Amino acid sequence: MIEDFIRKIPKSDLHVHLDGSVRIPTLIDISKKQKLKLPSYTVEGLNKLLFKDNYESLVDYLQCFGFTIPAMQTPENLERIAYEFAKDNIAEGVCYVEVRFAPQFHVNKKMDFEATLASVAKGMERAQKEYNNSAKVKSGEFPPFYYGIIVCAMRAFGKGFSQYFDMFLDAHRYSDSTMVHALASYELAKATISVRDKLGLPIVGFDLAGAEAGNPAEDHKLAYQFAHKHFLHATVHAGEAYGPESIFQAITDLYADRIGHGYYLFADDKVADPEIENPKAYVRQLAQYIADRRITIEVCLTSNLQTNPSIGDITKHQFKKMMEAKLSTTLCTDNRTVSKTNVSKEILLAIKAFNLSGESLKDQLVYGFKRSFFPGTYAEKRQYVRQVIDRYELLEKEFLKKNKPVAKTGSKAAKDKR
Ligand SMILES: [Zn+2]
12 MIEDFIRKIP
22 KSDLHVHLDG
32 SVRIPTLIDI
42 SKKQKLKLPS
52 YTVEGLNKLL
62 FKDNYESLVD
72 YLQCFGFTIP
82 AMQTPENLER
92 IAYEFAKDNI
102 AEGVCYVEVR
112 FAPQFHVNKK
122 MDFEATLASV
132 AKGMERAQKE
142 YNNSAKVKSG
152 EFPPFYYGII
162 VCAMRAFGKG
172 FSQYFDMFLD
182 AHRYSDSTMV
192 HALASYELAK
202 ATISVRDKLG
212 LPIVGFDLAG
222 AEAGNPAEDH
232 KLAYQFAHKH
242 FLHATVHAGE
252 AYGPESIFQA
262 ITDLYADRIG
272 HGYYLFADDK
282 VADPEIENPK
292 AYVRQLAQYI
302 ADRRITIEVC
312 LTSNLQTNPS
322 IGDITKHQFK
332 KMMEAKLSTT
342 LCTDNRTVSK
352 TNVSKEILLA
362 IKAFNLSGES
372 LKDQLVYGFK
382 RSFFPGTYAE
392 KRQYVRQVID
402 RYELLEKEFL
412 KKNKPVAKTG
422 SKAAKDKR
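So for the sequence shown, my numbering puts the first residue at 12; every next one is plus one.
Next up, the structure:
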C-alpha cells in the first residue's frame, strides 16, 4: 500500500505554524480551564464550526487563530502544545520539523520573549529526547528527530491582535503605521538573536507572515538585515496573495533562502511595476533565477486551496508548473489542525493529483532535508541527510519488491551536492 509506504519514509515539514496545529482536545481542555470562549466545546462541534474542510476565504481561515492563540499565553500551555505537536509529527514519520510562530502574539505582561521561545523549545526537546532514546533510533535503524524554530514577524498588525501589539501601538501612537510595523519586526529580530545566543536554542530562521497586499516586504528590510548579519536564515510568506514582485523583493531585499507558498510566481498578470515592460519575460527570468539559486518553495497544497478558493481544483495548482520549471520545492502542511492535514496526506495528495513519479517524490523529500535550516554543523547536516536517504532507499527497495515502481534511485536532489 502506498499509504503505508508514505507513512514509513522519513519526512520533513519546513512550513508549519504551531498556532495552527494545536490538538483540538487540548484547545478544548485549556479553553475550559481558562474560561476562554470557543464556538463549541466538543471535537465534533469545532470540526464543524471552526476547523472546516473548506473555507470561504482567507479571512474565514484566519478566524481559527483567534481561538488558538488565546490558549497559548502561558509557559505551561506553550510547552504542552509544542510537545504534542512534536509527538504528532513523530507519529507520522516526520523526523525533521521547523516549527514557526509569531512570539509577539504570545509575549504578555507575565511571559517575555525569553520565556515564550524557551517554552516552545522545552516542549519540542522533551518529545525529541523521548524519541531519540528509543531503541530503534539508538540502533541507527531510524533517523533521529531534530527540529528548528522559525520566528515570524508580522507584515502588519492592529489593535486587538495581542496584548504585546496593543502595548506596542500605544507606545508608538504618534508614528505612522508602516514605521511601527517595521520597528516591531526589528525588535523581534533583536530579541530573537539575543535569546538564541543566551540560551543556545535551535532558533534557525526568520519569517514574515500576515497580510501581503498593501504591506510590502521591503518595509521589514532592517529586521531581515539584522537577522542576516547574525546568520539567522530567512524565509518569507510571499506570492501567496500578491504578485511575482513580492517574491523578488523577498529574495533580494530580505535575503530569503526559501519562499513560503510562492503561489503567484508565474502570474504575469499580477506584475504591477510599470517599469517592467514585459511581464511574461520578467516572470520567466524570475523563475530561472529562483531555480538556479536553489531557493526552495515551501508548497502547502491543501492550505492554498482553502485560503484561495479561486484555484478551484487541486490539479490547477501551480505546483505542476513549479516542477516543470525544475524549481526546488518541498511539500509542507502550513497548519495541521486548521488545514486538517499532515505531511503524509500532502504527499499522497501530490502523488494523486500530479501523478508524481517516484523520482519526483524522492526529490521533494530530499529537498526538504537539504534545504532545511538544520541547527547543527554542515558536516552533521550532511550525515543526517545521508542517513535519511539510506533509510528511504531501504524502504523503497522493500516497497518495490511488493509493488509496482514508485521511485528510481539516483534522483536529482540526491545527487545535487549543493
Ligand atoms: Zn504559513
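Glycine residues also receive a C-beta, built at the ideal position from the N, C-alpha and C atoms.
Note that the structure is predicted; figures quoted are calculated from it, not measured.
Beta strand (DSSP E) segment containing Lys121, residue limits: Against the sequence shown, residue 121 aligns to sequence position 110. No beta strand (DSSP E) holds Lys121; DSSP gives it neither H nor E.
Residues bridged to Tyr158 (per DSSP): Here residue 158 corresponds to residue number 147 of the sequence shown, with the count starting at 1. Beta-bridge pairing links Tyr158 to Val108.
For Ala418, the three-state DSSP class (helix, strand or coil): Looking up residue 418 in the sequence shown gives position 407. Residue confidence for Ala418 is low, a pLDDT of 49 falling below 50, so the modelled location carries little weight; the figure read from the coordinates is stated next. Correct three-state label for Ala418: coil.
Classification of Phe179 by the beta-carbon crowding that lies within 10 angstroms, buried from 16 upward: Residue numbering aside, residue 179 sits at position 168 when the sequence shown is read from its first letter. Classification for Phe179: buried.
Segment contact, 8 Å Cβ cut-off, at least three pairs: the segment 121-132 with the segment 30-49: Taking 8 Å as the limit for Cβ pairs, the verdict is that the segment 30-49 does not touch the segment 121-132.
Backbone CA spacing between Ala283 and Phe277 [nearest angstrom]: On the sequence shown, position 272 is the one that residue 283 refers to. On the sequence shown, position 266 is the one that residue 277 refers to. Using only the alpha carbons, I get a separation of about 13 Å.
Minimum length 4: unbroken alpha helix (DSSP H) runs contained in the segment 128-154: 146-149
Where Asp218 falls, given that 16 or more other Cβ within 10 Å makes a residue buried: Counting from one through the sequence shown, the residue named residue 218 turns up at place 207. With 16 or more Cβ atoms within 10 Å of its Cβ, Asp218 is classed as buried.
Inter-residue spacing [alpha-carbon to alpha-carbon] between Ala418 and Lys356: As a first step, residue 418 is located in the sequence shown; it is residue number 407 there, counting from the start. As a first step, residue 356 is located in the sequence shown; it is residue number 345 there, counting from the start. For Ala418, the predicted model reports a pLDDT of 49, less than 50, meaning its position is unreliable; a value from the coordinates is still stated below. Roughly 18 Å separates the two Cα atoms.
Start-to-end residues for the alpha helix (DSSP H) that takes in Phe410: Taking the sequence shown and counting its residues from 1, one reaches residue 410 at position 399. Phe410 -> alpha helix (DSSP H) spans Tyr389 to Lys413.
Unbroken stretches of the alpha helix (DSSP H), 4 residues or longer, contained in the segment 25-78: 35-44, 54-60 and 69-73
Rounded C-alpha distance that separates Pro114 from Val162: By 1-based counting over the sequence shown, the position of residue 114 is 103. By 1-based counting over the sequence shown, the position of residue 162 is 151. Distance between the alpha carbons of Pro114 and Val162: 7 Å.
Distance CB(Arg450)-CB(Leu29) smaller than 9 Å: Residue 450 is absent from the structure shown; the chain starts at 12 and stops at 429.
Nearest-angstrom Cβ-Cβ length linking Asn315 and His328, presumed shorter than 8 Å: As a first step, residue 315 must be located in the sequence shown, where it is residue number 304. As a first step, residue 328 must be located in the sequence shown, where it is residue number 317. About 6 Å separates the two Cβ atoms, so the contact holds.
Reduced DSSP secondary structure (H/G/I, E/B, other) of Ile10: Outside the shown range of the chain (12 to 429) lies residue 10, about which nothing can therefore be said.
Where Ala224 falls: helix, strand or coil (DSSP): Position 213 of the sequence shown holds residue 224. Correct three-state label for Ala224: coil.
Distance cut-off 8 Å: Ala164 Cβ against heavy atoms of ligand 1: Translated into positions along the sequence shown, residue 164 becomes position 153. The answer is no for Ala164.
Beta strand (DSSP E) segment containing Glu286, residue limits: As a working note, residue 286 is residue 275 in the sequence shown. Segment: none, Glu286 is in no beta strand (DSSP E) and carries neither H nor E.
Cα-Cα separation between Ser257 and Arg295, rounded to whole angstroms: The count along the sequence shown starts at 1 and reaches residue 257 at position 246. The count along the sequence shown starts at 1 and reaches residue 295 at position 284. Cα to Cα, Ser257 sits roughly 15 Å from Arg295.
Helix, strand or coil at Val294 [DSSP, three-state]: In the sequence shown, residue 294 corresponds to position 283, counting from 1. The answer is helix: DSSP assigns Val294 an H, G or I state.
Cβ-heavy atom distance, Ala228 to ligand 1, below 8 Å: Within the sequence shown, the letter at position 217 stands for residue 228. For ligand 1, not one heavy atom lies less than 8 Å from the Cβ of Ala228.
Thr313 in three-state terms, based on DSSP: On the sequence shown, position 302 is the one that residue 313 refers to. The answer is helix: DSSP assigns Thr313 an H, G or I state.
Buried versus exposed call for Ser321 [16 or more other C-beta atoms within 10 Å across all chains shown]: By one-based count along the sequence shown, residue 321 stands at place 310. The residue is exposed, with fewer than 16 neighbouring Cβ atoms inside 10 Å.
Glu251 burial status per 10 Å Cβ neighbour count (16 or more: buried): One-based indexing of the sequence shown puts residue 251 at position 240. Answer is buried; the Cβ neighbour count reaches 16.
Reduced DSSP category for Leu342 - H, G, I as helix; E, B as strand; rest coil: Here the question's residue 342 lines up with position 331 in the sequence shown. Correct three-state label for Leu342: strand.
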